[in-house]
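Undergrad: Counting from 535, one number per residue, gives the positions in the sequence shown under this note's numbering. Beta carbons are placed, not taken as given, at the ideal position from N, Cα and C, and that holds for glycine.
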Amino acid sequence: MKKHLALLLALTMTVGAALTGCGGSASSSAAASSEAGSSKASSAAAPASAETLVLGTGGTTGTYYAVGGVMQSVLNPKLTLSQLNVTSTGASKANILDVDDGVSQLATVQNDVMYYAANGTDLFESDGKFDTFSTVACLYAETCQIIASADSGIQTVADLKGKTVSVGDAGSGVEFNATQILAAYGIDINSDIKKVNASFGDSADSIKDGKIDAAFVTAGAPTTAVVDLATTKDIVVIPIDDEHAAQLMKDYPFYTKNTIPAGTYNGQDEDVATVAVQATLIASNDVSEDAIYELTKALFDNLDELKTGHPKFGELTLENAIAGASVKLHPGAAKYYTEQGLDVSKIS
535 MKKHLALLLA LTMTVGAALT GCGGSASSSA AASSEAGSSK ASSAAAPASA ETLVLGTGGT
595 TGTYYAVGGV MQSVLNPKLT LSQLNVTSTG ASKANILDVD DGVSQLATVQ NDVMYYAANG
655 TDLFESDGKF DTFSTVACLY AETCQIIASA DSGIQTVADL KGKTVSVGDA GSGVEFNATQ
715 ILAAYGIDIN SDIKKVNASF GDSADSIKDG KIDAAFVTAG APTTAVVDLA TTKDIVVIPI
775 DDEHAAQLMK DYPFYTKNTI PAGTYNGQDE DVATVAVQAT LIASNDVSED AIYELTKALF
835 DNLDELKTGH PKFGELTLEN AIAGASVKLH PGAAKYYTEQ GLDVSKIS
């Protein structure tokens, strides 16, 4: 098991969302302590034999944390082998380190970031490979959105060449998405565009002020920063055509096809084809097969109640749950999906 001093510091210091490109900002240890207290109260009536599984999410204002809270409140009364204890974290990369070090037993992460961890590449190039976690379910899409000012003349990804483009925070998952998408179109992120590293909010402000031409945003759509931008500035949502989407999916198994529906943003009158990565629930390999089987089954048995708690659960289906799996399934999850008639041979 790898130990990381940075992981310990993350419990008391804010970890930037730049590590992952989504999931919100991290919280302080005081917030985490408060969450732990409320979790204990919510699980007071749990079966005596139930194992507490800490679920790492993201910042308290992010989607990961909200989705995790709904899972805890809806599923804990249904579970007999485990109880979820949701905590705020620095999102994807921090969560993988937490699971590896035994601080968390469950976590929500981007499936591209977990792919990098499993292979020791990109965000994890200096950390090496991690083989201590596995997939439970891909929960919902985090859409790769390319937003351009309507007066920039940009209509396709190819048009980004020579333009000033925000590619997310430096070293973030968004920047790796941008690198891969641009490369699919023959554009080098370092030499063929004027690269800017900025958060979603800062990128939106810069498009509004005419400082940049376009921005990459990897997040659930609609994304608040883009919604706000589109109310004051005419924008264009740039598509990724089927040919290039297919190539990306061939080169990087974590991508899936995705559509940004017409009307998602002000002035967007047509569906826009693109690709997405998946917000994915992972588990430590140390968690028992029976506990993860029960948890996976509970997710699908209680989908209606989960959807009421958060709309992102509307994207969770049996097929979608494994479609973007970039790391092998936990045996408990594989058992459940097999019982439901799905072929999991390639990811088990």
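What did DSSP end up calling Glu873 once you bin it into helix, strand or coil?
TA: Residue state, collapsed to three classes: helix.
Undergrad: Is Ala732 helix, strand or coil by DSSP?
TA: Reduced to three states, the DSSP call for Ala732 is coil.
Undergrad: Can you tell me whether Glu828 is buried or exposed? The criterion is at least 16 other CB atoms within 10 Å of its CB, across all chains shown.
TA: Flag for Glu828 reads buried.
Undergrad: Quick check: what's the CA-CA separation for Glu849 versus Lys745?
TA: Those two C-alpha atoms are separated by around 35 Å.
Undergrad: State the DSSP-derived secondary structure class of Gln781, mapped to helix, strand or coil.
TA: Correct three-state label for Gln781: helix.
Undergrad: Check whether the Cβ atoms of Ala868 and Val878 sit closer than 9 Å, and answer yes or no.
TA: Result yes, Cβ atoms of Ala868 and Val878 sit closer than 9 Å.
Undergrad: To the nearest angstrom, report how far apart Ile715 and Val770 are at their CA atoms.
TA: Answer to the nearest angstrom: the Cα atoms are 17 Å apart.
Undergrad: Please tell me whether Phe664 has its Cβ less than 9 Å away from any Cβ of chain C.
TA: As a matter of chain content, chain C is missing from the structure shown, which is built from one protein chain.
Undergrad: Please classify Gln880 as buried or exposed, where buried requires at least 16 neighbouring CB atoms within 10 angstroms.
TA: Here residue 880 is Lys; the residue named in the question, Gln, does not match the sequence. Exposed, by the Cβ-count rule.
Undergrad: Based on the DSSP secondary-structure assignment, which residues constitute the bridge partners of Leu589?
TA: According to DSSP, which records beta bridges pairwise, Leu589 is partnered with Val620, Leu640.
Undergrad: Note down, in chain order, each residue of its chain lying with its Cβ closer than 6 Å to the Cβ of Phe847, except the 5 sequence neighbours on either side.
TA: Result list for Phe847: Leu840, Lys841, in chain order.
Undergrad: Quick one: grab the DSSP three-state call for His538.
TA: Because His538 sits at a pLDDT of 47, beneath the cut-off of 50, its placement in the model cannot be relied upon, and the point is left open.
Undergrad: Taking DSSP's pairing of strands, which residues face Ala712 in a bridge?
TA: Ala712 pairs with nothing; no bridge assigned.
Undergrad: Could you tell me the boundaries of the beta strand (DSSP E) in which Phe750 lies?
TA: Per DSSP, Phe750 belongs to the beta strand (DSSP E) from 748-753.
Undergrad: What is the DSSP secondary structure of Ala570, reduced to helix, strand or coil?
TA: With a pLDDT of only 40 at Ala570, under the threshold of 50, the placement of this residue in the model should not be trusted; the figure read from the coordinates follows. In this structure, Ala570 counts as helix in the three-state DSSP scheme.
Undergrad: Could you pull the start and end residues of the beta strand (DSSP E) that Lys831 belongs to?
TA: It is not in any beta strand (DSSP E) - Lys831 instead sits in the alpha helix (DSSP H) that spans 823-835.
Undergrad: Under the three-state reduction of DSSP, which class applies to Gln802: helix, strand or coil?
TA: In the structure shown, Gln802 sits in coil (DSSP, three-state: anything other than H, G, I, E or B).
Undergrad: Which same chain residues, not among the five before or five after Asp722, have their C-beta less than 8 Å away from its C-beta?
TA: Cβ neighbours of Asp722 beyond the five flanking positions: Leu716.
Undergrad: Examine the ligand SAH and report whether any of its heavy atoms sits within less than 8 Å of the Cβ of Asp726.
TA: This structure lacks the ligand SAH; in fact it carries no ligand of any kind.
Undergrad: Less than 7 Å between C-beta atoms, sequence neighbours within five positions excluded: which residues of the same chain meet that for Asp824?
TA: The answer, listed in chain order, is Leu615, Gly866.
Undergrad: Just verifying my parser: in three-state terms, what is the DSSP assignment at Asn819?
TA: Coil at Asn819, not helix or strand.
Undergrad: Relative to the alpha-carbon of Lys697, which residue among Ala675, Leu673, Ala704, Asn724 has its alpha-carbon at the smallest distance?
TA: Among Ala675, Leu673, Ala704, Asn724, the Cα nearest to that of Lys697 belongs to Asn724.
Undergrad: Whose C-beta lies closer than 8 Å to the C-beta of Tyr786 among residues of the same chain, with five residues either side of it excluded?
TA: Cβ within range, chain order: Asp646, Tyr649, Gln714.
Undergrad: Give me, in chain order, the residues of the same chain whose beta-carbon lies closer than 8 Å to that of Gly801; leave out the 5 immediate sequence neighbours on both sides.
TA: Contacts found: Ala684, Ala764, Asp768, Ile769.
Undergrad: Expressed to the nearest angstrom, what Euclidean distance is found between the alpha-carbon atoms of Gln644 and Ala628?
TA: In a straight line, the C-alpha of Gln644 is about 11 Å away from that of Ala628.
Undergrad: Under a three-way DSSP split, which group does Asn724 fall into?
TA: Three-state DSSP puts Asn724 in coil, outside helix and strand.
Undergrad: Can you look up Thr597 in the DSSP assignment and give me helix, strand or coil?
TA: Correct three-state label for Thr597: helix.
Undergrad: For Thr752 and Asp661, I'd like the C-alpha separation in whole angstroms.
TA: Near 24 Å, if we compare the C-alpha coordinates of Asp661 and Thr752.
Undergrad: In angstroms with no decimal places, state the Cα-to-Cα distance between Thr690 and Leu782.
TA: Each residue's Cα considered, the two are about 16 Å apart.
Undergrad: In terms of residue numbering, what span does the beta strand (DSSP E) encompassing Ile681 cover?
TA: That run of the beta strand (DSSP E) goes 667-683.
Undergrad: Measuring only the C-alpha atoms, how far is Pro756 from Thr666?
TA: Approximately 33 Å between the Cα atoms of the pair.
Undergrad: Just list the residues that DSSP pairs Val811 with in beta bridges.
TA: For Val811, which the question treats as bridged, DSSP gives the partners Glu676.
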